[in-house]
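Structure first, commentary second.
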Amino acid sequence: MDYSKMKIPYHVGIIVDGNGRWAEEHGKKRSYGHKIGSENLEKISRYILKKTGIKVLSVYVFSTENFKRSKEEVDYLMRLFTKKFKSDAKKYQKENIKVVFSGRREPLSEAVLKTMDEITEMTKNNTGGILNFCLNYGGHAEIIDACLKIHHELENGNIKEEDISENVFPHYLYQDLPPIDFLIRTSGEYRTSNFMLWQASYAEFYFPKTYFPDFNEEEFDKAILEYTKRDRRFGGIDYEKKNP
Ligand code: FPP
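Per this note's numbering, the very first residue in the sequence shown carries number 1156; after that it's consecutive.
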C-alpha cells in the first residue's frame, strides 16, 4: 500500500493477543504460538517503522499481570525474550530503529534485563523510528511510578508544585513519547487491559479478529485504512464539517 499520501498515525500501539488460541487451533502447544508470534512481531514492526512513515510503535508483550500464568509459560516467555532480543539487536541496529522498554525491572531476571540493556544501548542513537517494548508493564504501575518520581523531585527541591501540568507529567512516565494515536488489539477481544492509560486517552481503537501470529502486512494495511476514516476531534467539534 502507498502510505505517502495518507493521513497516518504518529504513534501506534499494538496489544499482542491470540498467540495461545492460534497455537491451539493449529494443534500445537501455546509456546509454539508465542514463538511464531515473536517472529511475526519482528517482521511487522520493521514493516510499520520502515515502510509506512509511522514513527513510534509500542507493543504490549508482557503485562505485570502475566506473571500469574503458569511457571512453565512464564519461563518459556522469559527465555524467548532473552533469545529474541539477543538475535534481533543487530537487525534493528541495521534498520536504524531505536529500541526502548517500558515497565518495571523487578522481578525480571538478570538474564532478561541484560539483553534488554544491551539492545537499548546498541540502538540508542538510532533515528529511524522507535520500537517501545512494554514488558512487565502495567498502566496503573506506570502512573504510580511517575508520581513517585515527581514526589522525589519535589522533596529534593528540583521542581515546584506549579511546575506540574498535563504537559509536564508525561516526562515522568517510563518513556517520554507522544500520545498513542491508534491502538490495535488483535484476536477479537474488546479491552485495553491496563495498556498505556495516560498515553491512549484519545487513541482510536481497532479490534481485528485475527490472532497475532496472522496479523501480517495486509492486515496492518487494512487497519490503517480504517484509521484514515476516523474523525478525530479530541473533545471538540469540527465546525467546518458541521456547517460547511
Ligand atoms: C498474547 O497471547 C501474548 C502474550 C501474553 C505475550 C507474548 C508475546 C510474544 C511472544 C510476542 C513478543 C515476543 C518478543 C520476543 C518480544 P496470549 O497468550 O494471551 O493468547 P491467548 O489469549 O490466545 O491465550
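Quick reminder that beta carbons are idealized off the backbone N, C-alpha and C, glycines included.
C-alpha gap between residue i and residue j, whole angstroms
| i | j | result |
| --- | --- | --- |
| Pro1399 | Thr1383 | Note on Pro1399: pLDDT 48, under 50, position unreliable in the model; no value is reported. |
| Gly1258 | Lys1239 | 18 Å |
| Phe1324 | Lys1304 | 10 Å |
| Thr1237 | Ile1274 | 10 Å |
| Thr1278 | Leu1204 | 14 Å |
| Ile1252 | Ser1213 | 13 Å |
| Gly1294 | Asn1349 | 5 Å |
| Pro1368 | Glu1308 | 43 Å |
| Leu1328 | Cys1289 | 12 Å |
| Ile1299 | Gly1284 | 28 Å |
| Glu1261 | Met1271 | 13 Å |
| Glu1390 | Ile1169 | For the sequence presented, residue 1390 should be read as Gly rather than Glu. Answer to the nearest angstrom: the Cα atoms are 24 Å apart. |
| Ala1114 | Glu1265 | This structure cannot speak to residue 1114, because the chain is shown only from 1156 to 1399. |
| Val1211 | Ile1339 | 14 Å |
| Glu1321 | Glu1179 | 44 Å |
| His1326 | Glu1276 | 20 Å |
Residue i Cβ short of 7 Å to ligand 1 heavy atom set
| i | result |
| --- | --- |
| His1189 | yes |
| Gly1293 | no |
| Arg1259 | no |
| Lys1239 | yes |
| Leu1263 | no |
| Val1267 | no |
| Arg1185 | yes |
| Arg1201 | no |
| Asn1322 | no |
| Arg1346 | no |
| Arg1234 | no |
| Arg1340 | no |
| Ser1193 | yes |
| Leu1196 | yes |
| Asn1221 | yes |
| Val1216 | yes |
| Arg1176 | yes |
| Phe1362 | no |
| Phe1288 | yes |
Neighbour flag for residue i against chain B, beta carbons, 8 Å
| i | result |
| --- | --- |
| Thr1365 | The chain labelled as chain B is not found in the depicted structure, where only one protein chain is given. |
heavy atom of ligand 3 below 7 Å from residue i C-beta
| i | result |
| --- | --- |
| Asp1172 | Ligand 3 is absent from the structure shown, which contains only ligand 1. |
Per DSSP, cross-strand counterpart(s) of residue i
| i | result |
| --- | --- |
| Phe1256 | Phe1288 |
| Ile1339 | Ile1169 and Tyr1361 |
| Phe1217 | Leu1290 |
| Val1211 | His1166 and Ile1285 |
Supposed close pair residue i, residue j - CB separation, criterion 8 Å
| i | j | result |
| --- | --- | --- |
| Val1167 | Ile1209 | 5 Å |
| Gly1192 | Asn1174 | 4 Å |
| Val1255 | Asn1287 | 5 Å |
| Pro1363 | Thr1347 | With a Cβ gap of about 15 Å, Pro1363 and Thr1347 do not count as contacting. |
Exposure of residue i, with buried meaning 16 or more beta-carbon neighbours within 10 Å
| i | result |
| --- | --- |
| Met1161 | exposed |
| Asp1336 | buried |
| Leu1352 | exposed |
| Lys1190 | buried |
| Leu1132 | In the structure as shown, the chain begins at 1156 and stops at 1399. Residue 1132 is therefore absent and cannot be evaluated. |
| Ser1149 | The structure shown does not extend to residue 1149, since the chain is modelled only from 1156 through 1399, so no value can be given for it. |
| Asn1291 | buried |
| Asn1195 | buried |
| Arg1201 | buried |
| Arg1388 | exposed |
| Tyr1366 | buried |
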